[in-house]
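*Asks:*
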Ligand SMILES: Cc1cc2nc3c(=O)[nH]c(=O)nc-3n(C[C@H](O)[C@H](O)[C@H](O)COP(=O)(O)OP(=O)(O)OC[C@H]3O[C@@H](n4cnc5c(N)ncnc54)[C@H](O)[C@@H]3O)c2cc1C
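What follows is the structure, encoded as structure tokens:
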């Protein structure tokens with residue numbers, strides 16, 4: 129094999145990178161080195177996938193996932209729970225599969241990160257050292273940005289934008305609502321988790337009303353000036369299945385809410401609900417701020433897309449909804465960013481160069497009725513530091529179909545299996 | 029020069045380096061898993077890729093791209109990969125037991 133000067137420079141860079149890994153430095157022989165430690169914060173779509181794939185690609189690395197919940201509750205398909213089509217059990221999964229992969233699972237809440245000393249601190253008092261840290265805690269919701277959405281209001285007005293008890297409570301509120309009632313949903317401005325999610329939720333609630341409470345109505349108050357995802361397809365579905373049941377109002381940012389009267393105050397008028405669902409603005413989860421990596425306007429985290437390492441703090445990687453990127457904040461993306469990050473961490477720990485031009489893909493299915501669905505999909509390739517979509521490698525469904533509902537259920541089964549080793 | 033390279037490799041602990049390309053295909057193939065299942069072993073109505081014949085696989089990717097084989101989602105995904113990458117993906121999935 130002939131080496132040229134460029135190869136040599138690449139190899140030297142890799143060697144220098146490896147030598148700076150704390151705990152590994154000074155060890156020339158791979159067999160004798162201390163096990164590299166990776167700590168992953170959050171066992172959701174990004175974190176669980178990343179942890180699992182590090183173990184698959186290099187079982188010699190010590191991987192710990194710190195997750196504060198007992199179970200994984202999937203946001204995808206939580207809208208069908210609201211629509212009464214699936215139940216909480218269908219979207220809830222255990223973490224035993226991750227343990228089978230050799231991942232250490234710690235049930236605790238991370239409350240602090242010392243990126244200089246490379247230590248993670250938990251609520252229980254436990255601490256964890258790391259060679260590399262992966263942050264995948266998802267989003268921090270910001271009800272404080274909507275006047276009136278205080279602690280008391282949060283007892284009765286659900287966001288249900290993190291699947292779990294909020295989803296179950298919102299479903300109960302919908303069940304208790306009388307026929308003829310009004311469901312009001314407030315949608316935050318972009319960027320937010322799952323761009324088509326609110327419009328899918330509107331469809332699922334309308335589907336439930338059509339079957340069980342046909343005199344009821346949905347009013348959508350969108351902060352955005354238009355439907356931000358799959359617009360034509362959602363409008364066609366609403367027109368076909370829910371004519372007269374959905375009132376969509378663009379540019380309707382809440383000025384404040386009154387939880388007692390279930391009212392959203394807009395610039396121009398007050399909108400009163402029987403069941404009120406307010407999705408507040410959001411940003412990267414609090415631990416990204418603790419680590420000093422929420423460097424895009426204190427909202428999102430800028431990363432190097434070949435490694436998902438923060439542009440602000442070395443050895444800290446950020447994946448999933450928390451990152452600042454032109455790609456959508458979806459479970460499919462979090463799953464795939466988790467793998468790019470896993471591959472890069474394996475390469476870096478082994479003193480090799482991560483792939484300089486990864487490929488990533490997204491697909492988001494949305495249900496339009498209890499048996500039809502639509503999708504949006506795209507492929508991106510990294511060119512320099514920009515994600516570029518090859519010609520033709522993006523788009524949406526031609527029309528809703530039952531076939532897509534079937535594929536959507538197949539996607540869910542497979543992404544849950546791929547994320548959690550089910 | 030040659031000696032320096034060996035030293036650099038030793039320092040990094042990378043003798044027996046996995047070729048970057050092998051790593052690429054692995055990650056690229058993993059891109060398909062959220063729909064086709066881990067290692068291309070699907071649990072639902074989306075077809076499995078594990079163990080598919082290499083020639084058949086390559087032909088399907090070509091036909092998805094051209095539209096010869098109508099598809100719900102695969103045309104968009106297939107158009108994201110080069111011919112060379114499709115061949116490597118075909119080899120990778122054909123080798124999955
Ligand atoms: C209604 C709805 C529908 C959706 N539908 C789809 C869909 O159909 N398709 C799709 O691709 N995407 C969908 N999404 C988006 C998808 O859920 C998210 O993009 C995805 O969950 C992001 O993954 P993540 O790893 O960043 O965060 P998450 O999956 O939210 O994981 C974060 C994890 O970190 C844990 N955590 C947070 N902070 C701490 C801490 N301090 N200590 C310990 N643990 C912590 C949390 O408990 C959680 O388990 C939907 C979202 C919603 C709200």
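Protein chains in written order, with this note's numbering: chain B, 129 to 550; chain U, 29 to 125. From the three backbone atoms N, C-alpha and C, an ideal C-beta is built for every residue, glycine too.
1) Spell out a yes or no on whether the stretch 430-437 of chain B and the stretch 457-471 of chain B are touching, meaning 3 or more CB-CB pairs, one atom from each, closer than 8 angstroms.
2) Skipping 5 residues on each side, what residues in its chain have a beta carbon closer than 7 angstroms to that of residue 518 of chain B?
3) Would the beta-carbon of residue 175 of chain B fall within 8 angstroms of that of residue 166 of chain B?
4) 8 angstroms is my cut-off, CB to CB: does residue 491 of chain B come that close to chain U?
5) Per DSSP, what are the beta-bridge partners of residue 438 of chain B in this structure?
6) Using a Cβ-Cβ distance cut-off of 8 angstroms, determine whether residue 115 of chain U contacts chain B.
7) With a cut-off of 8 angstroms, does the C-beta of residue 80 of chain U fall near any C-beta of chain B?
8) Output the boundary residues of the alpha helix (DSSP H) element that contains residue 164 of chain B.
9) For the stretch 94-105 of chain U, which residues have a CB atom closer than 8 angstroms to at least one CB atom of chain B, in sequence order?
10) By the three-class DSSP mapping on this structure, what secondary structure does residue 362 of chain B have?
11) For the stretch 451-467 of chain B, which residues have a beta carbon sitting closer than 9 angstroms to at least one beta carbon of chain U?
12) Is DSSP giving residue 278 of chain B helix, strand or coil here?
13) Under a three-way DSSP split, which group does residue 473 of chain B fall into?
14) Please say whether residue 363 of chain B and residue 337 of chain B have beta carbons closer to each other than 8 angstroms?
15) At which residues does the alpha helix (DSSP H) containing residue 376 of chain B begin and terminate?
16) Suppose contacts are defined by Cβ-Cβ distances below 8 angstroms. Is residue 461 of chain B in contact with residue 267 of chain B by that definition?
17) Could you check if residue 325 of chain B belongs to the surroundings of ligand 1, using beta carbon to heavy atom distance under 7 angstroms?
18) Given a threshold of 16 other Cβ atoms within 10 Å of its Cβ, counted over all protein chains shown, does residue 255 of chain B qualify as buried or as exposed?
19) Got a sec: is the Cβ-Cβ distance from residue 293 of chain B to anything in chain U below 8 angstroms?
20) Find the nearest neighbour of residue 275 of chain B within the set B:382, B:538 and B:401, judged by alpha-carbon distance.
21) Mind checking the stretch 531-547 of chain B against chain U and listing, in chain order, the residues whose C-beta falls within less than 7 angstroms of any C-beta there?
22) With contact counted as at least three CB pairs below 8 angstroms, one residue from each stretch, are the stretch 89-109 of chain U and the stretch 479-499 of chain B in contact?
23) Excluding the 5 residues preceding and the 5 following residue 156 of chain B in the sequence, name in chain order all residues of the same chain whose CB lies nearer than 7 angstroms to its CB.
24) Taking C-alpha atoms, which residue in U:99, U:80 and U:112 lies nearest to residue 523 of chain B?
25) Give, in chain order, every unbroken run of the beta strand (DSSP E) that is at least 3 residues long and sits entirely within the stretch 193-266 of chain B.
26) Would you give the residue range spanned by the beta strand (DSSP E) that residue 289 of chain B belongs to?
27) Could you give the DSSP three-state label for residue 59 of chain U: helix, strand or coil?
28) Using the C-alpha atoms, what's the distance from residue 296 of chain B back to residue 530 of chain B?
29) Identify every residue that forms a DSSP beta bridge with residue 349 of chain B.
30) In angstroms with no decimal places, state the Cα-to-Cα distance between residue 335 of chain B and residue 495 of chain B.
31) Consider the C-beta atom of residue 173 of chain B and the heavy atoms of ligand 1; say whether any pair is separated by less than 7 angstroms.
32) Please tell me whether residue 478 of chain B and residue 328 of chain B are closer than 8 angstroms, where the distance is taken between their beta carbons.
33) Is the Cβ of residue 191 of chain B closer than 8 angstroms to any Cβ of chain U?
34) Does any residue of chain B have a CB that is nearer than 8 angstroms to the CB of residue 125 of chain U?
35) Looking only at its chain, what residues have a beta carbon closer than 7 angstroms to the beta carbon of residue 201 of chain B, apart from the 5 residues adjacent to it on each side?
*Replies:* Taking the structure as given:
1) Because the criterion of three Cβ pairs below 8 angstroms is met, the stretch 430-437 of chain B and the stretch 457-471 of chain B touch.
2) Position 390 of the first chain, counted from the first residue, corresponds to residue 518 of chain B. Spatial neighbours of residue 518 of chain B in its own chain (CB-CB distance under 7 angstroms, excluding positions within 5 residues in sequence) are listed in chain order as 507 and 509.
3) In the first chain, the residue the question calls residue 175 of chain B occupies position 47. In the first chain, the residue the question calls residue 166 of chain B occupies position 38. No, the Cβ-Cβ distance between residue 175 of chain B and residue 166 of chain B is not below 8 angstroms.
4) Taking the first chain and counting its residues from 1, one reaches residue 491 of chain B at position 363. So, interface residue.
5) Here the question's residue 438 of chain B lines up with position 310 in the first chain. For residue 438 of chain B, which the question treats as bridged, DSSP gives the partners B:431.
6) Residue 115 of chain U sits at position 87 when you count from the first residue of the second chain. Residue 115 of chain U does not count as touching chain B.
7) Indexing the second chain from 1 puts residue 80 of chain U at position 52. Not one chain B Cβ lies under 8 angstroms of residue 80 of chain U.
8) Residue 164 of chain B sits at position 36 when you count from the first residue of the first chain. Note, residue 164 of chain B: premise wrong, no alpha helix (DSSP H); not H, not E.
9) Of all residues in the stretch 94-105 of chain U, 100, 101, 103, 104 and 105 have a Cβ within less than 8 angstroms of some Cβ in chain B.
10) As a position in the first chain, residue 362 of chain B is number 234, starting the count at 1. In the three-state DSSP reduction, residue 362 of chain B falls in the helix class (H, G or I).
11) Against chain U - using a Cβ distance shorter than 9 angstroms - the residues of the stretch 451-467 of chain B are 459, 460, 463, 464 and 467.
12) Translated into the one-based positions of the first chain, residue 278 of chain B becomes position 150. In the structure shown, residue 278 of chain B sits in coil (DSSP, three-state: anything other than H, G, I, E or B).
13) Translated into the one-based positions of the first chain, residue 473 of chain B becomes position 345. Three-state DSSP puts residue 473 of chain B in a helix.
14) Mapped onto the first chain, residue 337 of chain B falls at position 209. Mapped onto the first chain, residue 363 of chain B falls at position 235. In this structure, residue 363 of chain B does not lie closer than 8 angstroms to residue 337 of chain B by Cβ.
15) As a first step, residue 376 of chain B must be located in the first chain, where it is residue number 248. For residue 376 of chain B, no alpha helix (DSSP H) segment is defined; the enclosing uninterrupted segment is the beta strand (DSSP E) at 374-377.
16) As a working mapping, residue 461 of chain B is identified with position 333 in the first chain. As a working mapping, residue 267 of chain B is identified with position 139 in the first chain. With respect to residue 267 of chain B, residue 461 of chain B sits apart: the two C-beta atoms are not nearer than 8 angstroms.
17) Here the question's residue 325 of chain B lines up with position 197 in the first chain. Result yes, Cβ under 7 angstroms from ligand 1.
18) Here the question's residue 255 of chain B lines up with position 127 in the first chain. Under this definition residue 255 of chain B is an exposed residue.
19) Here the question's residue 293 of chain B lines up with position 165 in the first chain. Cβ-Cβ to chain U under 8 angstroms: no for residue 293 of chain B.
20) Counting from 1 along the first chain, the entry for residue 275 of chain B is found at position 147. That would be B:382, whose Cα lies nearest to the Cα of residue 275 of chain B.
21) Listed by position, the residues of the stretch 531-547 of chain B near chain U (Cβ gap below 7 angstroms) are 531, 532, 534, 535, 537, 538, 539, 541, 542, 543, 545 and 546.
22) Contact between the stretch 89-109 of chain U and the stretch 479-499 of chain B is present: three or more C-beta pairs spanning the two stretches fall below 8 angstroms.
23) Locating residue 156 of chain B in the first chain gives position 28, where the first residue counts as 1. In this prediction, residue 156 of chain B has a pLDDT of 41, which is less than 50 and means its spatial position is unreliable; nothing more can be read from the coordinates.
24) Taking the first chain and counting its residues from 1, the one referred to as residue 523 of chain B is at position 395. The shortest Cα separation from residue 523 of chain B among U:99, U:80 and U:112 belongs to U:99.
25) Uninterrupted beta strand (DSSP E) stretches at least 3 residues long and entirely within the stretch 193-266 of chain B occur at 232-235, 238-242, 247-250, 255-257 and 260-263, given in chain order.
26) On the first chain, residue 289 of chain B is found 161 positions in, with the first residue counted as 1. Note, residue 289 of chain B: premise wrong, no beta strand (DSSP E); not H, not E.
27) Here residue 59 of chain U is taken as the residue at index 31 of the second chain, counted from 1. When DSSP states are grouped into helix, strand and coil, residue 59 of chain U belongs to the coil group.
28) Here residue 530 of chain B corresponds to residue number 402 of the first chain, with the count starting at 1. Here residue 296 of chain B corresponds to residue number 168 of the first chain, with the count starting at 1. Rounded to the nearest angstrom, the two C-alpha atoms are 27 angstroms apart.
29) Your numbering for residue 349 of chain B matches position 221 in the first chain. For residue 349 of chain B, which the question treats as bridged, DSSP gives the partners B:314 and B:377.
30) As a position in the first chain, residue 335 of chain B is number 207, starting the count at 1. As a position in the first chain, residue 495 of chain B is number 367, starting the count at 1. Rounded to whole angstroms, residue 335 of chain B to residue 495 of chain B spans 10 angstroms at the Cα level.
31) The residue given as residue 173 of chain B occupies position 45 in the first chain. For residue 173 of chain B, the Cβ falls inside the 7 angstroms cut-off from some heavy atom of ligand 1.
32) In the first chain, residue 478 of chain B corresponds to position 350, counting from 1. In the first chain, residue 328 of chain B corresponds to position 200, counting from 1. In this structure, residue 478 of chain B lies away from residue 328 of chain B, with their beta-carbon atoms at least 8 angstroms apart.
33) Mapped onto the first chain, residue 191 of chain B falls at position 63. Answer no: the Cβ-Cβ gap between residue 191 of chain B and chain U never drops below 8 angstroms.
34) Counting from 1 along the second chain, the entry for residue 125 of chain U is found at position 97. Closer than 8 angstroms: no.
35) Taking the first chain and counting its residues from 1, the one referred to as residue 201 of chain B is at position 73. Within the same chain, residue 201 of chain B has close Cβ partners 219, 220, 291 and 292.
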